[in-house]
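Note sheet for the following structure.
Number of protein chains: 2
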Amino acid sequence: MHHKLTTLSLFAGLDEKQIESLLNLIVFQNKRYGPNSLVVSQGEQCNRLMILTDGMVKGEMAGADGRSLKIEDLHAPTVLAPAFIFGRKNHYPVNIITYNEAKFIVIYKTELLKLFQLNNTVLQNFLGMISSRAQFLSEKLRFHSFKSLRSKLAFYLIDEASGRSSFRLSHSQNDLAELFGVARPSVGRAFMQLQNDGIIDVRYKQVQIYDASKLADAYSE
Amino acid sequence: MHHKLTTLSLFAGLDEKQIESLLNLIVFQNKRYGPNSLVVSQGEQCNRLMILTDGMVKGEMAGADGRSLKIEDLHAPTVLAPAFIFGRKNHYPVNIITYNEAKFIVIYKTELLKLFQLNNTVLQNFLGMISSRAQFLSEKLRFHSFKSLRSKLAFYLIDEASGRSSFRLSHSQNDLAELFGVARPSVGRAFMQLQNDGIIDVRYKQVQIYDASKLADAYSE
DNA sequence: TTCTAAATGTAACAAAGGTGACAACTTTTT
DNA sequence: AAAAAGTTGTCACCTTTGTTACATTTAGAA
Numbered sequence: 112m113h114h115k116l117t118t119l120s121l122f123a124g125l126d127e128k129q130i131e132s133l134l135n136l137i138v139f140q141n142k143r144y145g146p147n148s149l150v151v152s153q154g155e156q157c158n159r160l161m162i163l164t165d166g167m168v169k170g171e172m173a174g175a176d177g178r179s180l181k182i183e184d185l186h187a188p189t190v191l192a193p194a195f196i197f198g199r200k201n202h203y204p205v206n207i208i209t210y211n212e213a214k215f216i217v218i219y220k221t222e223l224l225k226l227f228q229l230n231n232t233v234l235q236n237f238l239g240m241i242s243s244r245a246q247f248l249s250e251k252l253r254f255h256s257f258k259s260l261r262s263k264l265a266f267y268l269i270d271e272a273s274g275r276s277s278f279r280l281s282h283s284q285n286d287l288a289e290l291f292g293v294a295r296p297s298v299g300r301a302f303m304q305l306q307n308d309g310i311i312d313v314r315y316k317q318v319q320i321y322d323a324s325k326l327a328d329a330y331s332e
Numbered sequence: 112m113h114h115k116l117t118t119l120s121l122f123a124g125l126d127e128k129q130i131e132s133l134l135n136l137i138v139f140q141n142k143r144y145g146p147n148s149l150v151v152s153q154g155e156q157c158n159r160l161m162i163l164t165d166g167m168v169k170g171e172m173a174g175a176d177g178r179s180l181k182i183e184d185l186h187a188p189t190v191l192a193p194a195f196i197f198g199r200k201n202h203y204p205v206n207i208i209t210y211n212e213a214k215f216i217v218i219y220k221t222e223l224l225k226l227f228q229l230n231n232t233v234l235q236n237f238l239g240m241i242s243s244r245a246q247f248l249s250e251k252l253r254f255h256s257f258k259s260l261r262s263k264l265a266f267y268l269i270d271e272a273s274g275r276s277s278f279r280l281s282h283s284q285n286d287l288a289e290l291f292g293v294a295r296p297s298v299g300r301a302f303m304q305l306q307n308d309g310i311i312d313v314r315y316k317q318v319q320i321y322d323a324s325k326l327a328d329a330y331s332e
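So the protein lines, in turn, are chains L and Z. Read in our numbering, the first sequence has 316 at position 205, and its numbers run on one by one without any break. Read in our numbering, the second sequence has 273 at position 162, and its numbers run on one by one without any break.
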């Protein structure tokens with residue numbers, strides 16, 4: 112029936128039979144939306160877990176004037192906004208809109224808690240999902256806390272080097288520019304400056320670190 | 112005994128007796144550290160929940176070269192790094208060091224899960240803690256995604272106005288500068304530019320919005 | 001009220017990064 | 001091997017933000 116659920120991170124570690132028998136023990140709804148339907152509207156209270164089992168949806172945030180900007184695309188199977196059922200703010204921050212026909216499983220909060228009591232693996236998966244998200248965001252944010260491009264690049268290089276003094280970059284300058292939120296030529300300039308300072312040597316993707324200590328200094332420049 | 116635990120968010124909604132009887136049902140350790148002790152070292156595996164019941168500690172991140180920068184101070188009672196027990200990366204990202212003498216309750220992962228099974232409130236509190244953290248981080252990050260100072264300020268103003276067209280700012284330009292990660296005079300300039308464009312009127316903390324639509328336009332400038 | 005500390009307005013100059021463009025080089029595909 | 005696509009080096013010029021400094025205004029304390 113819901114064969115795709117085995118690939119859902121919430122049910123990781125469970126086989127099809129286990130999932131089915133679990134779902135038989137709780138109350139949930141199947142919902143189906145046509146293309147371009149509003150599934151969840153911004154500000155709506157989030158007291159249920161929505162699992163996208165088929166289709167593709169987008170989350171977009173309505174601006175003060177009605178225009179909206181896309182936040183992200185979500186493909187089945189996935190869980191929508193797991194951090195909003197139990198968080199302090201339990202109102203959706205975005206509109207969720209279908210691209211094509213989409214199917215959902217909807218589990219209300221009380222039933223979800225029942226599910227957690229029934230199966231420890233599901234609970235751990237859910238805890239893992241939210242925790243990983245918090246970790247991911249935390250890391251992104253720390254990256255932003257390095258102000259200058261030079262410091263971001265230094266941080267990246269030390270991480271990428273992971274101890275080696277010579278290595279090949281696994282991202283293009285374009286990727287890095289996007290990652291750092293700057294323009295591509297700026298990345299090139301930053302590389303060049305580190306090289307001119309005698310800290311590294313770069314030639315295309317090949318990097319040689321001459322002075323790891325100075326590179327670490329660059330964190331705070 | 113652990114009278115302070117009633118103010119711990121993990122045990123919110125429970126009284127002293129309930130907490131005590133819960134703790135009697137699981138295995139945990141009491142630990143005590145002297146001043147300036149290393150409680151947790153960066154990279155160490157996180158397979159236990161540490162609850163700071165007395166004292167004050169700091170988290171600091173060791174740089175590649177040994178120097179370290181302080182991340183945050185934590186006061187009792189609080190839970191250390193709740194998002195790291197169940198997350199994908201279960202290694203502490205920081206060193207935790209005591210300022211003064213500090214006492215902890217240490218609950219291993221398996222016992223913590225037992226606690227969740229025993230008491231639904233504790234589970235919901237824990238879910239709430241990590242969810243709220245994810246939400247908080249998410250919001251911070253979204254703010255950073257507005258590139259220009261003008262767009263950040265516009266976003267802030269619309270939020271602060273919350274519908275009104277005239278209101279008083281609740282932060283100083285200094286606060287805003289810190290919040291936006293820019294220099295203070297830049298904040299002043301950004302205010303002035305919005306004013307010169309006829310979008311708002313500012314006089315010290317008093318703000319009048321003339322054109323909310325144009326202000327919203329400024330998101331993407 | 002008067003004094004004082006904090007907040008704000010403003011200016012000149014410096015520095016960082018953005019933009020657009022193009023050539024040179026590498027990698028991948030055919 | 002040749003062609004195509006992608007990546008990198010580099011340049012000139014523009015825009016935004018940082019820095020420092022100082023005068024002015026406001027708000028809070030005495």
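Heads up, the beta-carbon is just placed ideally off N, CA and C, and yes, glycines get one too. Values in this document were obtained by computation on a predicted structure and should not be read as measured data.
Report task. Inspect the CB distances between the stretch 265-275 of chain Z and the stretch 216-225 of chain L and report whether three or more fall short of 8 Å. Result -> The answer is no - the stretch 216-225 of chain L does not touch the stretch 265-275 of chain Z, with fewer than three Cβ pairs under 8 Å.
Report task. May I ask you to report which of helix, strand or coil DSSP gives residue 277 of chain Z? Result -> DSSP places residue 277 of chain Z in strand when its eight states are reduced to three.
Query raised in the report: Can you name the residues of chain L whose CB is closer than 7 Å to the CB of residue 244 of chain Z?
Result: Residues of chain L passing the Cβ test: 245.
Query raised in the report: How would you label residue 128 of chain L, buried or exposed, when you count the other beta carbons within 10 angstroms and need 16 or more for buried?
Result: That one is exposed.
Query raised in the report: Would a C-beta distance cut-off of 8 Å place residue 228 of chain L and residue 228 of chain Z closer than the cut-off?
Result: Against a cut-off of 8 Å, the Cβ pair of residue 228 of chain Z and residue 228 of chain L comes out as a contact.
Query - Contact under 8 Å by Cβ, residue 310 of chain Z with residue 326 of chain Z - result: Note that the C-beta distance between residue 310 of chain Z and residue 326 of chain Z is below 8 Å.
Query raised in the report: Going straight from the alpha carbon of residue 275 of chain L to that of residue 280 of chain Z, what length do you get?
Result: Taking the Cα positions, residue 275 of chain L is about 51 Å away from residue 280 of chain Z.
Requested in this report: Measure the CB-CB distance between residue 215 of chain L and residue 330 of chain L and report whether it falls below 8 Å.
Outcome: With contacts defined by Cβ atoms closer than 8 Å, residue 215 of chain L and residue 330 of chain L do not form a contacting pair.
Query raised in the report: How should residue 118 of chain Z be labelled, buried or exposed, when 16 other C-beta atoms within 10 angstroms of its C-beta is the threshold for buried?
Result: Exposed, because fewer than 16 other Cβ atoms sit within 10 Å of the Cβ of residue 118 of chain Z.
Query raised in the report: Taking the alpha-carbon positions, what's the residue 204 of chain Z to residue 245 of chain L distance?
Result: Cα to Cα, the separation comes out at about 13 Å.
Query raised in the report: CA-CA distance, residue 243 of chain Z and residue 321 of chain L?
Result: Rounded to the nearest angstrom, the gap between the Cα atoms of residue 243 of chain Z and residue 321 of chain L is 43 Å.
Query raised in the report: Assuming residue 142 of chain L contacts residue 217 of chain L under a Cβ cut-off of 8 Å, what Cβ separation, rounded to an integer in Å, is found between them?
Result: Right, their Cβ atoms sit about 6 Å apart.
Query raised in the report: Once you ignore the five residues that flank residue 316 of chain L on each side, which residues in its own chain have a CB closer than 6 Å to its CB?
Result: Same-chain partners within the cutoff: 279 and 280.
Query raised in the report: If residue 164 of chain L and residue 200 of chain L are in contact, beta carbons under 8 Å, what's the gap, nearest whole angstrom?
Result: With 8 Å as the limit, residue 164 of chain L and residue 200 of chain L do not qualify as a contact, their Cβ atoms being about 26 Å apart.
Query raised in the report: Quick one, are the C-beta atoms of residue 167 of chain L and residue 185 of chain L less than 8 Å apart?
Result: A distance below 8 Å separates the beta carbons of residue 167 of chain L and residue 185 of chain L.
Report task. Could you check which residue in L/323, L/312, L/254 and L/156 has the C-alpha nearest to that of residue 290 of chain L? Result -> Ranking the options by Cα distance to residue 290 of chain L, first place goes to L/254.
Query raised in the report: Could you give the residue range of the beta strand (DSSP E) that holds residue 195 of chain L?
Result: Per DSSP, residue 195 of chain L belongs to no beta strand (DSSP E) and is neither H nor E.
Requested in this report: Within its chain, find whatever has a CB closer than 6 Å to the CB of residue 323 of chain L; leave out the 5 residues flanking it on each side and keep chain order.
Outcome: Counting only Cβ-Cβ distances below 6 Å, and skipping sequence neighbours, we find nothing.
**Report entry** Per-residue DSSP class, three states only, for residue 73 of chain L
**Finding:** Residue 73 of chain L cannot be examined here, being either before or after the span of chain L that is shown, 112 to 332.
Query raised in the report: What residues in the stretch 140-155 of chain L have a beta carbon less than 7 Å from any beta carbon of chain Z?
Result: Sequence-ordered contacts of the stretch 140-155 of chain L with chain Z are nonexistent [C-beta pairs closer than 7 Å].
Requested in this report: Taking all protein chains shown into account, decide if residue 198 of chain Z is buried (16 or more other Cβ within 10 angstroms of its Cβ) or exposed.
Outcome: Buried.
Query - Unbroken stretches of the beta strand (DSSP E), 3 residues or longer, contained in the stretch 242-286 of chain L - result: Given a length threshold of 3 residues, each whole run of the beta strand (DSSP E) inside the stretch 242-286 of chain L is given here in chain order: 277-279.
Query raised in the report: alpha helix (DSSP H) containing residue 135 of chain L: first to last residue?
Result: Here the alpha helix (DSSP H) through residue 135 of chain L covers 127-136.
Query raised in the report: Between residue 241 of chain Z and chain L, is there a C-beta pair that is closer than 8 Å?
Result: Interface criterion met: the Cβ of residue 241 of chain Z is under 8 Å from a Cβ in chain L.
Requested in this report: Sort out for me which residues DSSP pairs residue 295 of chain Z with in a bridge.
Outcome: According to DSSP, residue 295 of chain Z bridges with nothing at all.
Report task. Return the residue from the list L/158, L/148 and L/126 that minimises the CA-CA distance to residue 219 of chain L. Result -> Closest by alpha carbon: L/158.
Requested in this report: Starting from residue 231 of chain Z, find everything on chain L with Cβ-Cβ shorter than 9 Å and list it in chain order.
Outcome: What residue 231 of chain Z touches in chain L: 224, 227 and 228.
Query raised in the report: Are the C-beta of residue 252 of chain Z and some C-beta of chain L separated by less than 8 Å?
Result: At least one chain L Cβ lies under 8 Å of residue 252 of chain Z.
Query raised in the report: By the 10 Å Cβ neighbour count, where 16 or more other Cβ atoms means buried, how is residue 150 of chain Z classified, buried or exposed?
Result: With 16 or more other Cβ atoms within 10 Å, it is buried.
Requested in this report: Work out the CA separation of residue 125 of chain Z and residue 136 of chain Z for me, nearest whole Å.
Outcome: Residue 136 of chain Z and residue 125 of chain Z: Cα-Cα distance of roughly 15 Å.
Query raised in the report: Among the residues of its own chain, which have a CB less than 6 Å from the CB of residue 140 of chain Z, if the five just before and after it don't count?
Result: Non-local C-beta neighbours of residue 140 of chain Z in its own chain, meaning closer than 6 Å and more than five positions away in sequence, comprise 217, ordered along the chain.
Query raised in the report: Cβ of residue 255 of chain L less than 8 Å from any chain Z Cβ?
Result: Proximity of residue 255 of chain L to chain Z, defined by a Cβ-Cβ separation below 8 Å, is satisfied.
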